[in-house]
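Asks: Below is a structure I'd like to ask you about.
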Amino acid sequence: MIQIREQSKDKDVIKSTAIDNTKSFLEIKDLRKSYPLGTGNSHFVVDVKNFTLDPGSQLAIHGPSGAGKSTFLNLIAGIIKPDTGSIRIGNLEMTTLSEPERDLARAQDIGYVFQSFHLLQGCSALDNLLVAMAMNGKVDRKRARELLSLVGIKEKENSLPSELSIGQQQRVCLARALSNNPKLMLADEPTGNLDSANASRSIELLRSLCEQNNCTLLVVSHDEKIINRFEKSVDWKEISDVHNLND
Ligand code: ADP
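Counting with the working numbering, you get residues 442 to 688 for the letters of the sequence shown.
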């Protein structure tokens with residue numbers, strides 16, 4: 442049982458929601474990841490017993506920096522492997538896949554928006570999308586242009602990242618994350634580098650693009666202002682039980 446906070450127009454409603462496992466698109470069970478501490482001991486930064494998301498849903502996870510949220514997203518994306526546990530995305534059990542298989546699954550089905558944009562600095566906005574598409578073996582120049590148009594920077598397709606504002610670079614990231622038509626979008630502090638007006642616009646854009654593309658969205662952030670823009674949000678401490686290995 443996880444406490445999901447639902448925003449209504451008038452007030453915050455706190456309600457306990459037993460998530461329906463029969464319909465879940467993302468299902469995580471007994472997921473643990475530890476890192477060594479300087480002392481010779483280790484500590485769990487992720488210890489998630491049960492976490493599910495329905496297809497097409499949008500959820501924001503709120504928690505302080507250093508709490509383990511990025512590690513959680515990196516585990517879901519298959520960038521790192523857990524110590525134990527399972528992560529099922531659709532019909533795919535990520536934890537049974539080899540690293541190249543996980544890379545392929547990510548290229549095909551998962552979009553990832555990072556706080557530090559990780560754009561290829563020597564490539565134009567358009568080429569950043571085309572390179573991402575090439576990773577998935579489907580380069581579609583027309584679709585890439587459509588995506589840049591969708592995020593409102595069509596006229597900047599030939600600009601290098603260094604020639605774009607921070608907000609425009611973020612838009613390239615959103616377009617790139619959508620370029621493989623992902624079923625799951627992960628966003629890690631997606632507005633961390635933006636001023637508050639750009640942050641609001643960027644979150645609304647991310648939400649509506651995911652809605653239009655029927656893409657399940659999971660956002661993590663320490664920023665209450667971002668969290669409040671989601672109808673459903675949950676505290677990281679409700680999801681993960683963090684403690685030292687010796688506890
Ligand atoms: P958040 O995203 O909530 O800020 P992180 O997942 O980045 O938190 O980090 C959680 C904890 O795990 C931090 O204490 C961090 O120092 C530690 N950590 C993250 N990555 C590594 C790593 N590769 N090796 C050791 N410790 C790590």
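Each residue gets a CB set at the ideal place from its N, CA and C atoms; glycine is no exception.
1) Taking 8 Å as the cut-off, does the stretch 612-623 touch the stretch 587-604 (at least 3 CB pairs, one atom from each stretch)?
2) Scan the stretch 477-527 and note each continuous alpha helix (DSSP H) run of 4 residues or more that stays entirely inside, going in chain order.
3) Expressed to the nearest angstrom, what Euclidean distance is found between the alpha-carbon atoms of His663 and Glu540?
4) Check whether the Cβ of Ser511 sits closer than 8 Å to any heavy atom of ligand 1, and report yes or no.
5) Which residues share a DSSP beta bridge with Ile680?
6) Who does Met626 pair with in a DSSP beta bridge?
7) Less than 8 Å separating the Cβ of Val661 from some heavy atom of ligand 1?
8) My parser needs the alpha helix (DSSP H) runs of 4 or more residues fully inside the stretch 596-646; what are they?
9) Roughly how many angstroms separate the alpha carbons of Tyr476 and His484, rounded to a whole number?
10) Just to confirm my understanding: we take Leu647, look at its own chain, exclude 5 residues before and 5 after, and list those with CB closer than 8 Å. What are they?
11) Quick one: measure Cβ to Cβ for Thr512 and Val489, integer angstroms, because I've assumed they're closer than 8 Å.
12) Would you list the one or two residues that DSSP bridges to Ile530?
13) Under 7 Å Cβ to Cβ from Val580, same chain only, skipping five residues before and after it: list those, please.
14) Nearest by alpha-carbon distance to Asp524: which of Gly509, Asp471, Gly507 and Gly481 is it?
15) Below 8 Å on the Cβ atoms is my guess for Gln549 versus Asn515; work out the distance and round it to an integer in Å.
16) Is the beta carbon of Gly509 sitting closer than 9 Å to the one on Lys474?
17) Mapping DSSP to helix, strand and coil, what is Lys666?
18) What is the C-beta distance between Ile668 and Ala640, in whole angstroms, given that I count them as a contact (C-beta under 8 Å)?
Replies: Taking the geometry as given:
1) Taking a contact to require three or more Cβ pairs closer than 8 Å, the stretch 587-604 and the stretch 612-623 qualify as touching.
2) Unbroken alpha helix (DSSP H) stretches of 4 residues or longer found wholly inside the stretch 477-527: 510-517, given in chain order.
3) The residue given as residue 663 occupies position 222 in the sequence shown. The residue given as residue 540 occupies position 99 in the sequence shown. One C-alpha to the other measures close to 30 Å.
4) In the sequence shown, counting from the first residue as 1, residue 511 sits at position 70. Yes, since a heavy atom of ligand 1 falls inside the 8 Å radius drawn around the Cβ of Ser511.
5) Looking up residue 680 in the sequence shown gives position 239. Note: Ile680 is not bridge-paired with any residue in the DSSP secondary-structure output.
6) In the sequence shown, residue 626 corresponds to position 185, counting from 1. In the DSSP output, where bridge partners are listed per residue, Met626 has Gly552 and Leu658.
7) Working through the sequence shown from its first residue, we reach residue 661 at position 220. True, at least one ligand heavy atom lies under 8 Å from that Cβ.
8) Taken in chain order, the whole alpha helix (DSSP H) runs of length 4 or more contained in the stretch 596-646 are 607-619.
9) Counting from 1 along the sequence shown, the entry for residue 476 is found at position 35. Counting from 1 along the sequence shown, the entry for residue 484 is found at position 43. Tyr476 and His484 have their alpha carbons spaced roughly 6 Å apart.
10) Against the sequence shown, residue 647 aligns to sequence position 206. Cβ neighbours of Leu647 beyond the five flanking positions: Val554, Leu615, Met626, Ala628, Pro631, Leu658 and Val660.
11) The residue given as residue 512 occupies position 71 in the sequence shown. The residue given as residue 489 occupies position 48 in the sequence shown. Distance from Thr512 to Val489 at the Cβ level is roughly 11 Å; contact not present, criterion being Cβ atoms closer than 8 Å.
12) Locating residue 530 in the sequence shown gives position 89, counting from the first residue. Looking at the DSSP assignment, Ile530 forms a beta bridge with Leu467 and Leu533.
13) Residue mapping note: residue 580 aligns to position 139 of the sequence shown, counting from 1. Closer than 7 Å at the Cβ level, and outside the excluded window around Val580, lie Leu571 and Met574.
14) Counting from 1 along the sequence shown, the entry for residue 524 is found at position 83. It is Asp471.
15) By 1-based counting over the sequence shown, the position of residue 549 is 108. By 1-based counting over the sequence shown, the position of residue 515 is 74. About 18 Å separates the beta carbons of Gln549 and Asn515, which is beyond the 8 Å limit, so they are not a contact pair.
16) In the sequence shown, residue 509 corresponds to position 68, counting from 1. In the sequence shown, residue 474 corresponds to position 33, counting from 1. Yes, the Cβ-Cβ distance between Gly509 and Lys474 is below 9 Å.
17) Position 225 of the sequence shown holds residue 666. Of the three classes helix, strand and coil, the one that applies to Lys666 here is helix, per DSSP.
18) Position 227 of the sequence shown, counted from the first residue, corresponds to residue 668. Position 199 of the sequence shown, counted from the first residue, corresponds to residue 640. With a Cβ gap of about 12 Å, Ile668 and Ala640 do not count as contacting.
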